[in-house]
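Positions -3 to 178 (the numbering used here) are the ones given, in order, by the sequence shown.
Right, one structure below, let's go through it.
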Amino acid sequence: MRSMQELSKVPAGMSLLADDITEFHAARLLLLLGICGVKGRIEGLTKLAKLDFFVRYPDFFNKAAAAANESIRSASKIIESSMVRHHYGPWDKRYYEILAYLRSRGLIQITKENNTYIFQLTELGKENAKSLKKEVAYKTLCDQMKCVKDVFGKKGGSALKNMIYEVFQKEVTIRTLGEVIE
(Lines of atoms letter the chains of each structure in order from A and count residues from 1; the text may use other names and numbers.)
(Lines give C-alpha, C1' and ligand atoms only; values in the text may rest on other atoms or scores of the structure.)
Protein backbone atom coordinates (compact mmCIF):
# COMPACT_ATOMS: atom_id res chain seq x y z
CA MET A 1 0.00 0.00 0.00
CA ARG A 2 1.05 3.55 -0.64
CA SER A 3 0.21 6.87 0.89
CA MET A 4 -1.12 9.55 -1.44
CA GLN A 5 2.02 11.52 -0.57
CA GLU A 6 4.09 8.84 -2.31
CA LEU A 7 2.09 8.79 -5.56
CA SER A 8 4.49 11.17 -7.28
CA LYS A 9 7.09 8.36 -7.08
CA VAL A 10 4.88 5.96 -9.06
CA PRO A 11 5.79 5.83 -12.78
CA ALA A 12 3.09 7.41 -14.97
CA GLY A 13 2.58 4.18 -16.93
CA MET A 14 2.02 2.04 -13.84
CA SER A 15 -1.59 1.32 -12.93
CA LEU A 16 -2.72 2.33 -9.48
CA LEU A 17 -5.88 1.15 -7.76
CA ALA A 18 -7.73 2.98 -4.99
CA ASP A 19 -7.44 -0.30 -3.07
CA ASP A 20 -3.66 0.29 -2.91
CA ILE A 21 -3.93 3.72 -1.26
CA THR A 22 -3.68 3.98 2.52
CA GLU A 23 -5.93 7.03 2.79
CA PHE A 24 -8.75 5.25 0.91
CA HIS A 25 -8.94 2.58 3.62
CA ALA A 26 -8.44 5.14 6.38
CA ALA A 27 -11.38 7.20 5.10
CA ARG A 28 -13.60 4.11 4.98
CA LEU A 29 -12.75 3.13 8.55
CA LEU A 30 -13.31 6.69 9.78
CA LEU A 31 -16.74 6.63 8.17
CA LEU A 32 -17.41 3.15 9.55
CA LEU A 33 -16.71 4.35 13.08
CA GLY A 34 -18.75 7.50 12.52
CA ILE A 35 -21.77 5.84 10.92
CA CYS A 36 -21.86 2.26 12.22
CA GLY A 37 -20.48 3.05 15.64
CA VAL A 38 -22.31 4.41 18.64
CA LYS A 39 -21.08 7.97 19.16
CA GLY A 40 -18.06 7.16 16.96
CA ARG A 41 -17.20 4.01 18.92
CA ILE A 42 -17.08 0.33 17.97
CA GLU A 43 -16.29 -2.26 20.59
CA GLY A 44 -14.15 -5.11 19.29
CA LEU A 45 -11.92 -5.68 16.29
CA THR A 46 -14.10 -8.61 15.20
CA LYS A 47 -17.19 -6.40 15.11
CA LEU A 48 -15.34 -3.68 13.21
CA ALA A 49 -14.12 -6.23 10.64
CA LYS A 50 -17.53 -7.88 10.18
CA LEU A 51 -19.36 -4.57 9.75
CA ASP A 52 -16.65 -3.56 7.29
CA PHE A 53 -17.20 -6.87 5.44
CA PHE A 54 -20.88 -6.10 4.93
CA VAL A 55 -20.04 -2.59 3.75
CA ARG A 56 -17.49 -3.88 1.25
CA TYR A 57 -19.51 -6.88 0.02
CA PRO A 58 -23.07 -5.67 -0.67
CA ASP A 59 -24.24 -9.02 -2.13
CA PHE A 60 -23.17 -10.79 1.06
CA PHE A 61 -24.95 -8.10 3.07
CA ASN A 62 -28.18 -8.66 1.12
CA LYS A 63 -28.00 -12.42 1.68
CA ALA A 64 -27.21 -12.03 5.39
CA ALA A 65 -30.01 -9.46 5.84
CA ALA A 66 -32.45 -11.88 4.19
CA ALA A 67 -31.23 -14.67 6.48
CA ALA A 68 -31.91 -12.36 9.44
CA ASN A 69 -35.42 -11.70 8.05
CA GLU A 70 -34.57 -8.07 7.30
CA SER A 71 -35.97 -6.42 4.20
CA ILE A 72 -33.29 -3.73 3.82
CA ARG A 73 -31.41 -3.91 0.55
CA SER A 74 -27.86 -2.85 -0.07
CA ALA A 75 -27.22 0.70 -1.22
CA SER A 76 -24.33 -0.53 -3.37
CA LYS A 77 -23.74 -3.12 -6.07
CA ILE A 78 -19.96 -3.30 -6.23
CA ILE A 79 -17.28 -4.85 -4.04
CA GLU A 80 -15.45 -1.99 -2.39
CA SER A 81 -12.16 -3.87 -1.84
CA SER A 82 -11.25 -7.47 -1.21
CA MET A 83 -10.87 -9.32 2.08
CA VAL A 84 -9.43 -12.75 2.88
CA ARG A 85 -10.53 -15.77 4.92
CA HIS A 86 -9.03 -15.46 8.38
CA HIS A 87 -9.41 -17.32 11.69
CA TYR A 88 -12.38 -15.11 12.55
CA GLY A 89 -14.01 -14.91 9.14
CA PRO A 90 -13.57 -12.09 6.59
CA TRP A 91 -10.51 -10.00 7.31
CA ASP A 92 -8.28 -7.38 5.76
CA LYS A 93 -4.59 -7.90 6.44
CA ARG A 94 -4.19 -4.11 6.36
CA TYR A 95 -6.36 -3.42 9.44
CA TYR A 96 -3.41 -3.12 11.81
CA GLU A 97 -1.58 -0.78 9.43
CA ILE A 98 -4.63 1.42 8.80
CA LEU A 99 -5.68 1.56 12.45
CA ALA A 100 -2.11 2.54 13.40
CA TYR A 101 -2.18 5.19 10.67
CA LEU A 102 -5.45 6.64 12.01
CA ARG A 103 -4.18 6.57 15.59
CA SER A 104 -0.85 8.20 14.68
CA ARG A 105 -2.74 11.10 13.11
CA GLY A 106 -4.90 11.61 16.17
CA LEU A 107 -8.08 10.51 14.38
CA ILE A 108 -8.92 7.52 16.56
CA GLN A 109 -8.24 6.36 20.06
CA ILE A 110 -7.69 2.68 20.83
CA THR A 111 -8.19 1.38 24.35
CA LYS A 112 -8.60 -2.08 25.80
CA GLU A 113 -11.27 -3.14 28.27
CA ASN A 114 -10.71 -6.70 29.48
CA ASN A 115 -10.04 -8.58 26.21
CA THR A 116 -11.88 -6.14 23.95
CA TYR A 117 -10.28 -3.37 21.94
CA ILE A 118 -12.37 -0.21 21.75
CA PHE A 119 -12.04 1.99 18.66
CA GLN A 120 -13.30 5.52 19.04
CA LEU A 121 -13.11 8.64 16.94
CA THR A 122 -11.32 11.57 18.54
CA GLU A 123 -12.74 15.07 18.10
CA LEU A 124 -10.47 15.49 15.08
CA GLY A 125 -11.65 12.11 13.77
CA LYS A 126 -15.29 13.15 14.18
CA GLU A 127 -14.63 16.37 12.25
CA ASN A 128 -12.94 14.43 9.45
CA ALA A 129 -15.70 11.80 9.31
CA LYS A 130 -18.33 14.56 9.21
CA SER A 131 -16.47 16.23 6.35
CA LEU A 132 -16.17 12.94 4.42
CA LYS A 133 -19.91 12.29 4.82
CA LYS A 134 -20.58 15.51 2.90
CA GLU A 135 -18.43 14.46 -0.06
CA VAL A 136 -20.37 13.23 -3.10
CA ALA A 137 -17.69 10.59 -3.72
CA TYR A 138 -18.58 8.89 -0.41
CA LYS A 139 -22.38 9.03 -0.70
CA THR A 140 -22.89 5.42 -1.83
CA LEU A 141 -20.45 4.17 0.78
CA CYS A 142 -22.20 6.14 3.53
CA ASP A 143 -25.60 4.88 2.37
CA GLN A 144 -24.30 1.30 2.49
CA MET A 145 -22.97 1.87 6.02
CA LYS A 146 -26.35 3.17 7.16
CA CYS A 147 -28.00 -0.01 5.83
CA VAL A 148 -25.41 -2.19 7.59
CA LYS A 149 -25.89 -0.32 10.86
CA ASP A 150 -29.68 -0.63 10.65
CA VAL A 151 -29.49 -4.41 10.24
CA PHE A 152 -26.38 -5.46 12.18
CA GLY A 153 -25.24 -2.47 14.24
CA LYS A 154 -26.55 -3.83 17.54
CA LYS A 155 -25.03 -7.30 17.16
CA GLY A 156 -21.73 -8.17 18.81
CA GLY A 157 -18.64 -9.26 16.92
CA SER A 158 -18.94 -12.93 17.88
CA ALA A 159 -22.59 -13.05 16.82
CA LEU A 160 -21.71 -11.51 13.46
CA LYS A 161 -18.79 -13.91 13.00
CA ASN A 162 -20.97 -16.93 13.81
CA MET A 163 -23.71 -15.74 11.47
CA ILE A 164 -21.20 -15.25 8.64
CA TYR A 165 -19.84 -18.79 9.13
CA GLU A 166 -23.38 -20.18 9.17
CA VAL A 167 -24.80 -18.25 6.21
CA PHE A 168 -21.70 -18.27 3.99
CA GLN A 169 -20.48 -21.86 4.20
CA LYS A 170 -19.24 -22.09 0.61
CA GLU A 171 -18.14 -18.49 0.20
CA VAL A 172 -16.22 -18.07 3.48
CA THR A 173 -16.18 -21.04 5.84
CA ILE A 174 -14.69 -23.69 3.56
CA ARG A 175 -12.08 -21.41 2.04
CA THR A 176 -8.51 -21.90 3.20
CA LEU A 177 -6.94 -19.28 5.46
CA GLY A 178 -5.65 -16.33 3.46
CA GLU A 179 -7.78 -17.05 0.39
CA VAL A 180 -9.53 -14.04 -1.16
CA ILE A 181 -13.31 -13.96 -0.64
CA GLU A 182 -15.24 -13.44 -3.87
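Ideal placement from N, C-alpha and C gives every residue a C-beta, glycine not left out.
- In the DSSP annotation of this structure, the continuous segment of the beta strand (DSSP E) that includes Leu117 starts and ends at Thr112 to Leu117.
- For Arg52, the enclosing alpha helix (DSSP H) has its first and last residue at Leu41 to Arg52.
- Going by beta carbons, Phe164 and Leu47 fall outside the 8 angstroms limit.
- Its chain contains no residue whose beta carbon lies nearer than 6 angstroms to that of Glu109 once the 5 sequence neighbours on both sides are disregarded.
- Counting along the chain, no alpha helix (DSSP H) covers Lys108; the unbroken beta strand (DSSP E) around it starts and ends at Ile104 to Glu109.
- As computed with DSSP, Ile38 is found in a beta bridge with Phe115.
- Comparing C-alpha distances from Asp55 to each of Gly40, Val144 and Lys157 shows the shortest one belongs to Val144.
- Scanning Val132, Ile104 and Ala61 for the CA closest to the CA of Glu39 turns up Ile104.
- Relative to Ile31, the option among Thr136, Ala96, Glu167 and Ile106 whose CA is nearest is Thr136.
- Nearest Cα to Cys138 within the set Leu41, Leu28 and Ile114: Leu28.
- Rounded to whole angstroms, the separation of the alpha carbons of Glu119 and Leu26 is 12 angstroms.
- In this chain, Tyr134 is not harboured by any alpha helix (DSSP H), its DSSP state being neither H nor E.
- Straight through space, the alpha carbons of Lys59 and Gly152 are spaced by roughly 19 angstroms.
- C-alpha of Arg52 to C-alpha of Leu156: approximately 15 angstroms in a straight line.
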